[in-house]
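Trainee:
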Amino acid sequence: MLRDLEGNSFATGCAVFADTDLTESSPKIYVRIHPRNLPAPVLAQLDTGAAWSVLNVEIARRIGVLDAQGEPLALSTRTGKVLGKLVRAPVSLVADAGESLDLDATFFVSADWRHGTFLGYSGLLEWIRFAIDPYRNLFYFGFNASKL
Amino acid sequence: MSTTSRQESTHSAARIRNLLENERVSEARRVLDEALANQPNDEELQRLRTVLAPPKVRKSGALDADRTTDFQWLAENGAKHRRSWVAIHEGELVSEATSLDELLERVSLLMLARAPLIHFID
């Protein structure tokens, strides 16, 4: 797996990603996550420009975090302001090779968010290490234990 | 907690929420740290700390199957299934529904050898 300039482990898992976009004019990167309590993995759009990760309402309800205690927030989205809350949700970043990562991370959930699931920067991507190989459509990821 | 301390915590929490609404997360964390140093047991600040804390992370040996053919199906056929939940297994659509609950119920009846890939096509 990948190593940093000092030879330390950078990524401990990798997975093929999808980059077909069905709703927008430019391609996007979709990686697999496995929300705990869901029987199958789902696709989430990798969005480093998004402040927060967002769970589709039906996934949030199914895994029991839609009604969990959280911090109220009005999130700016492409469809306008959406009222919801920040909660901790258990998900796995799914690997094809190496090791997957189980995370208890912060997501925005809202009864009004009926669009896709996103992995955003604050609360999730900022805390892990990741790299993209667009040539082979590979998403590498790992974490720095000293940062967490 | 004294009334003054309570007011300070409430003021700090309101400021943190305002920073979060404006996506100034690093600044919100800094204000929270300062507020918690003065009011470590304040419940409102503790709730904010929960959502601003780093995730708990651990490695897992659970690996997923090769989904290349599932991605190919999505690329070739996804546009015809907008606003639907789909379950794709070994490069084929095995179920489609308008809700996730309905899709998972249908998938559970299929007795597939491995879990399908689930996606909501927006």
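Sequence lines, in order, name chains A and B.
Straight run, no breaks: the first sequence in this note's numbering ends on number 148.
Straight run, no breaks: the second sequence in this note's numbering ends on number 1122.
The beta-carbon is built from N, C-alpha and C at its ideal position, and this holds for glycine as well.
1. Which residues mark the beginning and the end of the beta strand (DSSP E) in which residue 47 of chain A is found?
2. Can you give me, in chain order, the residues of the region 1011-1028 of chain B that have a beta carbon less than 7 Å from any beta carbon in chain A?
3. My guess is that residue 183 of chain A and residue 11 of chain A are in contact by the Cβ rule of under 8 Å, so how many angstroms apart are they, rounded?
4. To which residues of the same chain is residue 1093 of chain B closer than 8 Å at the C-beta, ignoring the five residues directly before and after it?
5. Thinking C-alpha only, which one of A/7, A/5, A/13, A/1 is nearest residue 99 of chain A?
6. What is the residue span of the alpha helix (DSSP H) that residue 1044 of chain B lies within?
7. Where does residue 59 of chain A sit, in a helix, a strand or coil, going by DSSP?
8. Closer than 7 Å by beta-carbon distance: list the chain B residues that pair up with residue 113 of chain A, in chain order.
9. Measure the alpha-carbon distance for residue 1027 of chain B versus residue 1119 of chain B and round it to whole angstroms.
10. With a CB to CB cut of under 7 Å and the five nearest residues on each side skipped, what residues in its chain are close to residue 1067 of chain B?
11. With distance defined between alpha-carbon atoms, name the residue in A/37, A/135, A/68, A/62 nearest to residue 106 of chain A.
12. For residue 123 of chain A, count the other beta carbons within 10 Å of its own beta carbon; 16 or more makes it buried, fewer makes it exposed. Which is it?
13. Tell me, please, which residues DSSP counts as bridged to residue 136 of chain A.
14. Exposed or buried, residue 1099 of chain B, counting other C-beta atoms within 10 Å across all chains shown (16 or more means buried)?
15. Could you check which residue in A/27, A/113, A/20, A/144 has the C-alpha nearest to that of residue 81 of chain A?
16. If contact is defined by three or more beta carbon pairs under 8 Å, each pair taking one atom from either stretch, is the region 87-95 of chain A in contact with the region 1057-1066 of chain B?
17. Within its chain, find whatever has a CB closer than 6 Å to the CB of residue 56 of chain A; leave out the 5 residues flanking it on each side and keep chain order.
18. Residues of chain B with CB under 7 Å from residue 39 of chain A, in chain order?
19. Roughly how many angstroms lie between the CA atoms of residue 74 of chain A and residue 102 of chain A, to the nearest whole one?
20. Name the two residues that bound the continuous beta strand (DSSP E) containing residue 15 of chain A.
21. Name the chain A residues whose beta carbon is nearer than 7 Å to that of residue 1074 of chain B?
22. Any idea if residue 70 of chain A is buried or exposed, counting beta-carbon neighbours within 10 angstroms, 16 or more meaning buried?
23. Going residue by residue through the region 1089-1118 of chain B, where are the continuous alpha helix (DSSP H) segments of at least 4 residues, counting only ones entirely within it?
24. Over what stretch of residues does the beta strand (DSSP E) that includes residue 71 of chain A continue unbroken?
25. For the beta strand (DSSP E) holding residue 96 of chain A, just list the boundary residues, first then last.
26. If the cut is a Cβ gap below 9 Å, which residues of chain A does residue 1062 of chain B touch?
Mentor: In terms of the structure at hand:
1. No beta strand (DSSP E) contains residue 47 of chain A, which DSSP labels as neither H nor E.
2. Residues passing the 7 Å Cβ filter: 1020, 1021, 1023, 1025.
3. Absent from the structure is residue 183 of chain A, since the part of chain A shown begins at 1 and ends at 148.
4. 1073, 1077, 1081, 1086, 1087
5. A/13
6. 1043-1052
7. helix
8. None at all; the shortest Cβ gap to chain B is about 11 Å.
9. A direct Cα-Cα distance of roughly 35 Å separates residue 1027 of chain B from residue 1119 of chain B.
10. 1117
11. A/68
12. buried
13. Bridge partners of residue 136 of chain A: none, in fact.
14. exposed
15. A/113
16. yes
17. Once the five neighbours on either side are set aside, the close Cβ partners of residue 56 of chain A are 117.
18. 1104, 1115
19. 27 Å
20. Run containing residue 15 of chain A: 13-16, per the beta strand (DSSP E) assignment.
21. 18, 20
22. buried
23. 1100-1108
24. 71-77
25. Unbroken run through residue 96 of chain A: none, as it is neither H nor E.
26. Going along chain A in sequence order, the residues near residue 1062 of chain B (Cβ under 9 Å) are 34, 92, 94, 95, 99, 100, 102.
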